[in-house]
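To keep things clear, I will list the structure first and then write my remarks on it.
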Amino acid sequence: MSFLVSSIWKDLRRWKQDRLAIVIWLGIPLMIGGLITALFESDSAAKPQGVLLIADLDDTLLSGLVSGAYSQGELGDMILVEKTSAEEGAARINAGEASGFLTIPSGFTAAFLDGRPVTLELKTNPSQIILPGIITDVTEILLDAGFYVRELFGAEIDQVLNAGGTTPASDALVASIAVAVQNKIESAAPLLFPPAIDLEIADPTDDTPQVPIALLFLPGMVLMALMFSANGLAGDYWAERERGTLRRLVCTPRRLFEFIAGKALAAGIVITLVGFITLVLGFLYHGISWSKMPPAALWIALSGVALFAWFGALQMLTRTRGAANLLTSMLLFPLLMVGGSFFPFAALPESIANIGRRTPNGFIVDRLTTELTGASTWVIDSQSWLLLGLMAASGLVICGWRLGSGFARG
Amino acid sequence: MLSVKNLVKQYGDLTAVDQVSFEAGPGSVFGLLGPNGAGKSTTIHCISGLLQATAGHISVAGHDLAKDARNAKKSLGVVPQELALYEDLPAIDNLRYWGKAYGLRGKALEERVRDVLVTIGLGDRASEMTKNFSGGMKRRLNFGCGIVHRPAVMLLDEPTVGVDPQSRERLFELVEAERANGTCILYTTHYMEEAERLCDSVAIIDHGKLVVQGSVTELRAQLGARDVLQLHGAFPAEETERAVLNLAQENALDLEIIARETSQLTLTLTAASHHLPAVFQAITDAGGQVSETSLRSPNLETLFLLLTGKELRE
Numbered sequence: 157m158s159f160l161v162s163s164i165w166k167d168l169r170r171w172k173q174d175r176l177a178i179v180i181w182l183g184i185p186l187m188i189g190g191l192i193t194a195l196f197e198s199d200s201a202a203k204p205q206g207v208l209l210i211a212d213l214d215d216t217l218l219s220g221l222v223s224g225a226y227s228q229g230e231l232g233d234m235i236l237v238e239k240t241s242a243e244e245g246a247a248r249i250n251a252g253e254a255s256g257f258l259t260i261p262s263g264f265t266a267a268f269l270d271g272r273p274v275t276l277e278l279k280t281n282p283s284q285i286i287l288p289g290i291i292t293d294v295t296e297i298l299l300d301a302g303f304y305v306r307e308l309f310g311a312e313i314d315q316v317l318n319a320g321g322t323t324p325a326s327d328a329l330v331a332s333i334a335v336a337v338q339n340k341i342e343s344a345a346p347l348l349f350p351p352a353i354d355l356e357i358a359d360p361t362d363d364t365p366q367v368p369i370a371l372l373f374l375p376g377m378v379l380m381a382l383m384f385s386a387n388g389l390a391g392d393y394w395a396e397r398e399r400g401t402l403r404r405l406v407c408t409p410r411r412l413f414e415f416i417a418g419k420a421l422a423a424g425i426v427i428t429l430v431g432f433i434t435l436v437l438g439f440l441y442h443g444i445s446w447s448k449m450p451p452a453a454l455w456i457a458l459s460g461v462a463l464f465a466w467f468g469a470l471q472m473l474t475r476t477r478g479a480a481n482l483l484t485s486m487l488l489f490p491l492l493m494v495g496g497s498f499f500p501f502a503a504l505p506e507s508i509a510n511i512g513r514r515t516p517n518g519f520i521v522d523r524l525t526t527e528l529t530g531a532s533t534w535v536i537d538s539q540s541w542l543l544l545g546l547m548a549a550s551g552l553v554i555c556g557w558r559l560g561s562g563f564a565r566g
Numbered sequence: 270m271l272s273v274k275n276l277v278k279q280y281g282d283l284t285a286v287d288q289v290s291f292e293a294g295p296g297s298v299f300g301l302l303g304p305n306g307a308g309k310s311t312t313i314h315c316i317s318g319l320l321q322a323t324a325g326h327i328s329v330a331g332h333d334l335a336k337d338a339r340n341a342k343k344s345l346g347v348v349p350q351e352l353a354l355y356e357d358l359p360a361i362d363n364l365r366y367w368g369k370a371y372g373l374r375g376k377a378l379e380e381r382v383r384d385v386l387v388t389i390g391l392g393d394r395a396s397e398m399t400k401n402f403s404g405g406m407k408r409r410l411n412f413g414c415g416i417v418h419r420p421a422v423m424l425l426d427e428p429t430v431g432v433d434p435q436s437r438e439r440l441f442e443l444v445e446a447e448r449a450n451g452t453c454i455l456y457t458t459h460y461m462e463e464a465e466r467l468c469d470s471v472a473i474i475d476h477g478k479l480v481v482q483g484s485v486t487e488l489r490a491q492l493g494a495r496d497v498l499q500l501h502g503a504f505p506a507e508e509t510e511r512a513v514l515n516l517a518q519e520n521a522l523d524l525e526i527i528a529r530e531t532s533q534l535t536l537t538l539t540a541a542s543h544h545l546p547a548v549f550q551a552i553t554d555a556g557g558q559v560s561e562t563s564l565r566s567p568n569l570e571t572l573f574l575l576l577t578g579k580e581l582r583e
């Protein structure tokens, strides 16, 4: 087993003991991603729903129609009507268990038909705003509708009432009432039904595929996991320096590059594992085709090495461990923010997104987004692989230079 | 085996090591002695490859460090002053890792690692995490990592600093065992008693320059039988010195003044304990006053005092 492999094993064994760090690197992006997904997914499905208690003391066909009016169409999705007694209704609305409580008094139908005043009592829940408002509006519309029906068809209603004694009603009476109603509707038709305008709303043609917003967050979440773990592992250069193992290493006949390559590969394995778990969870949740996994996994593996190399280089360019942590933390969060991890590029102003795509992590996120969703600017092509490889190599070269130029000596 | 010729190390205008030369052979311990900041560690860092020498020539087991660094380093085993261990790995994995760093492989590595574990007394705790070890055990493992590849030359940079007496004794035994195996050992310390016990030959370094070198016997001979008498108090400048020298002349004493300050007078004197009353009287008559006296038999520490006029631990 070569020294390179030995170095990889050495670091993997050491880092394995720090399981908490791995859980944190994995947990933070998953927690944020989970919250964002839950937020966007629940937003499209959830509708407010309230309970309307109705005490129908009249218990007639007309009062039943009034009760049923609240359950029609989309209103039925929002308002759940429950028939109740006056006492129970009053108790439950006072306890805040419903959005509203409507009492239809005894004699409601008779009063309506006779054209006498009648009072419907509606109590609403003051701790709610939207649903009681809807119930109040619907009740007012129903009362208005009842008033106009009585005004328009009062004569016909009276005819029916007057013929109440003759059962069944004669065909002639029914026909005359029907004709009268038809005539009134026809005469009012020009006023009630203005010339119809067909309004056709055509969606503008959009070539970009419609991607669920939660899915757009996935590449950024994966990169967040990669960045946290790369930054955390890069601190190991300082740990080795403080333990004196770097000094001992310089005294051995080994080339420093073997040591750096070993550490970078060990870090690559850990970072890829963290990124891969995030990726797999994203694939499972969003139902992404598994054929996209191999290039995505390879992309994050090389990205992990590149990010580790650069974080390591930055750590070693500082004079103290505290300064190193401060520097990388100061860079980490702005990079995550502008580089598409906190907000997908699609949600950023184009000018900022263009800057973000040119940051190291934004470069990676953008191509991963295209790979996973097809909805971004650049694809993972040979040029992308070359650039990422150069990024990793240049970071490792700087690490080697710093180790050899005094960092290892301490 | 280890040859250092005209070694110079400069940091800008500061010369940390100035024309240092010495040689050490196989199966011997060469002590590099001196106070803190004398240039011992810089010398050892230049030999180990941690620092690049400004000038000079270093050869390890016949390999020129500048021209054939890889082979020179293969022949070197380094036991640094500070612990250099992976505390989050078991002892056996530390030895394996450093063994591989020096090119050991497979069965040879495993056998050597087992041998070293027994040698350093950690055979039964090989799989235990290093972070759980006591300070002395870590010191032994630190030593083990330096000998795992059977180096021809070992560099021990103040290995007993901060070590308890029991662990120190164990380390001495390990050093003596390596010497018996034929290893050439360069040992730096500022404890003269360690050097006197372990070293076959020593060089004393101060301000980056070698003050003296030779075998311990040779250096003791330089002192002769004279004790070192150190007096603290108040000593008027000319009068005290003249009074002491007069005393020596009148009584034919083998006496030499090494250093004189207003508060301290250091001199060497054969059978000093017999002449103390006369010396005190002469000083008092000259207007001086003695408040504290220190009398030491000849050893490397007093040699250092003799050569530099100051204490080794100053």
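As given, the protein sequences belong to chains A and B, one line each in that order. Numbering of the first sequence is given in my numbering, commencing with residue 157 and proceeding in unit increments. Numbering of the second sequence is given in my numbering, commencing with residue 270 and proceeding in unit increments. Glycine included, every Cβ here is placed at the ideal spot set by N, Cα and C.
Practice task
Please confirm whether residue 281 of chain A and residue 273 of chain A have their CB atoms less than 8 Å apart.
Solution key: Going by C-beta atoms, residue 281 of chain A is not nearer than 8 Å to residue 273 of chain A.
Practice task
Please confirm if residue 347 of chain B has its CB atom under 8 Å from at least one CB of chain A.
Solution key: Residue 347 of chain B counts as touching chain A.
Problem - Contact with chain A by residue 339 of chain B, beta-carbon distance below 8 Å - result: Yes, its Cβ sits closer than 8 Å to a Cβ of chain A.
Problem - C-beta neighbour in chain A for residue 488 of chain B, strict 8 Å - result: No, its Cβ sits nowhere closer than 8 Å to a Cβ of chain A.
Handout entry: Option in A/416, A/387 and A/169 with minimal Cα separation from residue 558 of chain A
Key = Just measuring C-alpha positions, the residue of A/416, A/387 and A/169 sitting nearest residue 558 of chain A is A/416.
Exercise for the section: In the DSSP assignment, find the beta strand (DSSP E) that holds residue 211 of chain A and state where it starts and stops. Expected result: From DSSP, the beta strand (DSSP E) with residue 211 of chain A extends over 206-212.
Problem - Buried/exposed call for residue 270 of chain B, threshold 16 Cβ in 10 Å - result: It is buried - the Cβ of residue 270 of chain B has at least 16 other Cβ atoms within 10 Å.
Practice task
Examine chain A for any beta-carbon lying closer than 8 Å to the beta-carbon of residue 369 of chain B, and answer yes or no.
Solution key: Closer than 8 Å: yes.
Handout entry: Bounding residues of the alpha helix (DSSP H) (the contiguous stretch that carries residue 326 of chain B)
Key = For residue 326 of chain B, no alpha helix (DSSP H) segment is defined; the enclosing uninterrupted segment is the beta strand (DSSP E) at 324-329.
Exercise for the section: Taking residue 356 of chain B as the query, report the chain A residues whose CB atoms sit under 8 Å from its CB, ordered along the chain. Expected result: Correct list: 399.
Handout entry: Helix, strand or coil at residue 333 of chain B according to DSSP, with G and I counted as helix
Key = Assignment of residue 333 of chain B by DSSP, reduced to helix, strand and coil, places it in the strand class.
Problem - Any beta strand (DSSP E) of 3 or more consecutive residues that is wholly inside the region 461-544 of chain B - result: For the region 461-544 of chain B, the full-length beta strand (DSSP E) segments reaching 3 residues or more read 470-475, 478-484, 495-503, 524-529 and 533-539 along the chain.
Practice task
Have a look at the DSSP bridge pairing and note the partners of residue 272 of chain B.
Solution key: In the DSSP assignment, residue 272 of chain B is bridged to B/292 and B/328.
Practice task
Output the boundary residues of the beta strand (DSSP E) element that contains residue 264 of chain A.
Solution key: Counted as a single uninterrupted DSSP element, the stretch harbouring residue 264 of chain A is not any beta strand (DSSP E) but the alpha helix (DSSP H) occupying residues 264-270.
Problem - Near-chain B residues of the region 166-181 of chain A - C-beta to any C-beta below 7 Å - result: Correct list: 166, 169, 170 and 173.
Practice task
Since I believe residue 254 of chain A is in contact with residue 248 of chain A (beta carbons under 8 Å), could you give me their beta-carbon distance rounded to a whole number of angstroms?
Solution key: Going by Cβ atoms, the distance from residue 248 of chain A to residue 254 of chain A rounds to 5 Å, so yes, they are a contact pair.
Practice task
Check whether the Cβ of residue 529 of chain A lies closer than 8 Å to any Cβ atom in chain B.
Solution key: By this cut-off, residue 529 of chain A is not an interface position.
Practice task
To the nearest angstrom, report how far apart residue 310 of chain B and residue 499 of chain B are at their CA atoms.
Solution key: Computed Cα separation, rounded: 30 Å.
Handout entry: Amino acids of chain A, ordered along the chain, whose beta-carbon sits closer than 7 Å to that of residue 351 of chain B
Key = Within chain A, the residues near residue 351 of chain B are 400.
Problem - Same chain, Cβ closer than 7 Å to residue 457 of chain A, neighbours up to 5 away in sequence not counted - result: Contacts found: 424 and 428.
Problem - Stretch-stretch touch, CB-based, cutoff 8 Å, three pairs: the region 374-392 of chain A with the region 469-482 of chain A - result: By the criterion of at least three beta-carbon pairs nearer than 8 Å, the region 374-392 of chain A is in contact with the region 469-482 of chain A.
Handout entry: Classification of residue 546 of chain A by the beta-carbon crowding that lies within 10 angstroms, buried from 16 upward
Key = By the neighbour-count rule (16 or more Cβ atoms within 10 Å), residue 546 of chain A is not buried but exposed.
Exercise for the section: Assign residue 543 of chain B to buried or exposed, taking buried as 16 or more other Cβ atoms, counted over all protein chains shown, within 10 Å of its Cβ. Expected result: Exposed is the call here.
Handout entry: Local conformation of residue 254 of chain A per DSSP, three classes
Key = If DSSP states are grouped into helix, strand and coil, residue 254 of chain A belongs with coil.
Handout entry: Closer than 8 Å to chain B by CB, residue 447 of chain A
Key = Not one chain B Cβ lies under 8 Å of residue 447 of chain A.
Handout entry: Cβ pair residue 433 of chain B, residue 457 of chain B closer than 8 Å
Key = The beta carbons of residue 433 of chain B and residue 457 of chain B sit no closer together than 8 Å.
Practice task
Check the Cβ of residue 405 of chain A against every Cβ in chain B and list those closer than 8 Å, keeping chain order.
Solution key: Correct list: 370.
Exercise for the section: State yes or no: is the beta carbon of residue 366 of chain B nearer than 8 Å to at least one beta carbon in chain A? Expected result: Yes, residue 366 of chain B lies at the interface with chain A (some Cβ there is under 8 Å from its Cβ).
Exercise for the section: Please report how far the alpha carbon of residue 460 of chain B lies from the alpha carbon of residue 302 of chain B, in whole angstroms. Expected result: Approximately 8 Å between the Cα atoms of the pair.
Problem - Contact between the region 385-392 of chain B and the region 442-451 of chain A (3+ Cβ pairs under 8 Å) - result: Not touching, per the Cβ criterion.
Handout entry: Backbone CA spacing between residue 226 of chain A and residue 275 of chain A [nearest angstrom]
Key = Rounded to whole angstroms, residue 226 of chain A and residue 275 of chain A show a C-alpha spacing of 18 Å.
Exercise for the section: Give the interface partners of residue 476 of chain A over in chain B, defined as CB-CB distance under 7 Å, in chain order. Expected result: When 7 Å is used as the limit between beta carbons, residue 476 of chain A is near no residue of chain B, the shortest such separation being about 17 Å.
Handout entry: Cβ-Cβ separation, residue 460 of chain A to residue 386 of chain A (assumed contact under 8 Å), whole Å
Key = About 6 Å separates the beta carbons of residue 386 of chain A and residue 460 of chain A, which is inside the 8 Å limit, making them a contact pair.
Problem - Neighbouring residues, chain B, relative to residue 565 of chain A (Cβ below 9 Å) - result: Within chain B, the residues near residue 565 of chain A are 314, 319 and 320.
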